[in-house]
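*Asks:*
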Amino acid sequence: MKNESINISSGNMTFPAYLAVPVAEGKWPGVVMIHSFNGLQPGYMTLADQFASEGYVVIAPQWQNFNRTPSDETVGRLIEDCSAFLKERADVDAEMLGLTGFCAGGRYTMLFLPQMDFQSGVAFYGFPYSGGFLNESRPADFISQLNDSLLIIHGTYDVPIKVSDIYRYAEELNATGKYFELKVYQGEPHGFMIKDGQLSESFAAKDAFWQMVSFFDRTLK
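Here the working numbering is used: the sequence shown runs in plain steps of one and ends on residue 226.
Printed below as a string of structure tokens:
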């Protein structure tokens with residue numbers, strides 16, 4: 006894989022982003038990756054690199070560049086602009102786009118997957134019943150609009166968003182016939198993919214990465 010830092014224009018602002026792509030020629034699925042509330046830490050860039058090595062073009066925008074707690078409209082527009090950027094690339098199959106995110110990014114995945122032109126998504130320890138920083142829309146309110154496959158990844162020791170709320174969200178998805186998969190790691194806390202800013206070497210983190218890649222392999226490729 007190869008990587009570079011780029012800029013994404015969104016609205017009247019320019020956001021830095023990290024781009025990782027496979028070296029081999031071809032058309033690959035594209036993925037927009039949304040980092041947690043703690044910013045685009047080095048671990049997310051390592052994650053993007055590993056993702057690209059599996060045959061994906063990955064863009065990870067720094068959505069907190071202007072405001073640590075931006076509106077959903079600002080982040081949603083940035084995600085759409087990142088998606089448009091991927092669609093315009095010669096090495097991306099525009100019909101195979103995925104969305105993934107962690108913590109606040111997990112909420113954005115749950116919130117925008119039903120509203121945007123993606124084929125599938127993976128939400129890591131997201132917040133289905135939170136209105137976000139400005140008490141706006143809850144992801145659970147858009148379940149009826151969800152037509153894409155969704156993988157939810159969570160830990161049983163998560164404090165900010167209890168696993169019971171994830172089970173509740175899963176029940177609501179199931180009641181409306183929406184396709185989803187749920188992977189729960191016993192004993193894992195919130196944010197278990199990143200430890201001290203770096204990609205964790207724990208079994209749960211390694212397995213969750215494999216779960217994400219295999220899910221996108223099945224739903225995108």
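For every residue, glycine included, the Cβ atom is placed at its ideal position computed from N, Cα and C. A quick note: this is a predicted structure, and the numbers were derived from the prediction, not measured.
Does the count of Cβ pairs from the segment 13-21 and the segment 93-113 closer than 8 Å reach three?
*Replies:* These segments do not touch.
*Asks:* Note the first and the last residue of the continuous alpha helix (DSSP H) segment covering Met115.
*Replies:* From DSSP, the alpha helix (DSSP H) with Met115 extends over 109-117.
*Asks:* According to DSSP, which residues form a beta bridge with Leu104?
*Replies:* DSSP lists Val37, Gly126 as partners of Leu104.
*Asks:* Spell out a yes or no on whether the segment 43-57 and the segment 195-212 are touching, meaning 3 or more CB-CB pairs, one atom from each, closer than 8 Å.
*Replies:* Counting Cβ pairs under 8 Å, three or more are found: they touch.
*Asks:* Whole angstroms is fine: what's the gap from Phe208's alpha carbon to Gln191's?
*Replies:* Taking the straight line joining both Cα atoms gives about 12 Å.
*Asks:* Report, in whole angstroms, the separation of the C-beta atoms of Phe107 and Tyr130, which I expect to be a contact under 8 Å.
*Replies:* With 8 Å as the limit, Phe107 and Tyr130 qualify as a contact, their Cβ atoms being about 7 Å apart.
*Asks:* Please name the residue, chosen from Asp212, Leu83, Ala99, that lies closest to Thr114 on a Cα-to-Cα basis.
*Replies:* Among Asp212, Leu83, Ala99, the Cα nearest to that of Thr114 belongs to Leu83.
*Asks:* The alpha helix (DSSP H) spanning Glu85 covers which residue range?
*Replies:* Residues 77-93.
*Asks:* Buried or exposed: Asn72, going by 16 or more other Cβ atoms within 10 Å of its Cβ?
*Replies:* Per the 10 Å Cβ criterion, exposed.
*Asks:* Does Arg112 pass the burial test, meaning 16 or more other C-beta atoms within 10 Å, or should it be called exposed?
*Replies:* Answer is buried; the Cβ neighbour count reaches 16.
*Asks:* Compute the beta-carbon to beta-carbon distance between Pro27 and Gly60, rounded to the nearest angstrom, for a pair I have assumed lies under 8 Å.
*Replies:* Going by Cβ atoms, the distance from Pro27 to Gly60 rounds to 6 Å, so yes, they are a contact pair.
*Asks:* When DSSP labels each residue in this structure, what does Glu74 get in the three-state scheme?
*Replies:* According to the sequence displayed, residue 74 carries Thr and not Glu. Three-state DSSP puts Thr74 in coil, outside helix and strand.
*Asks:* Nearest-angstrom Cα distance between Ala57 and Gly126?
*Replies:* Whole-angstrom Cα-Cα distance: 16 Å.
*Asks:* Only counting the same chain, and skipping five residues up and downstream in sequence, which positions put a Cβ closer than 8 Å to that of Glu30?
*Replies:* Result list for Glu30: Asp96, in chain order.
*Asks:* Excluding the 5 residues flanking Gln216 on each side, which residues of the same chain have their C-beta closer than 6 Å to its C-beta?
*Replies:* For Gln216, where only same-chain residues beyond five positions count, the Cβ hits under 6 Å are Lys188.
*Asks:* Should Thr105 be labelled buried (16 or more other beta-carbon atoms within 10 Å of its own) or exposed?
*Replies:* Per the 10 Å Cβ criterion, buried.
*Asks:* Quick check on Tyr61: does DSSP put it in helix, strand or coil?
*Replies:* Reduced to three states, the DSSP call for Tyr61 is coil.
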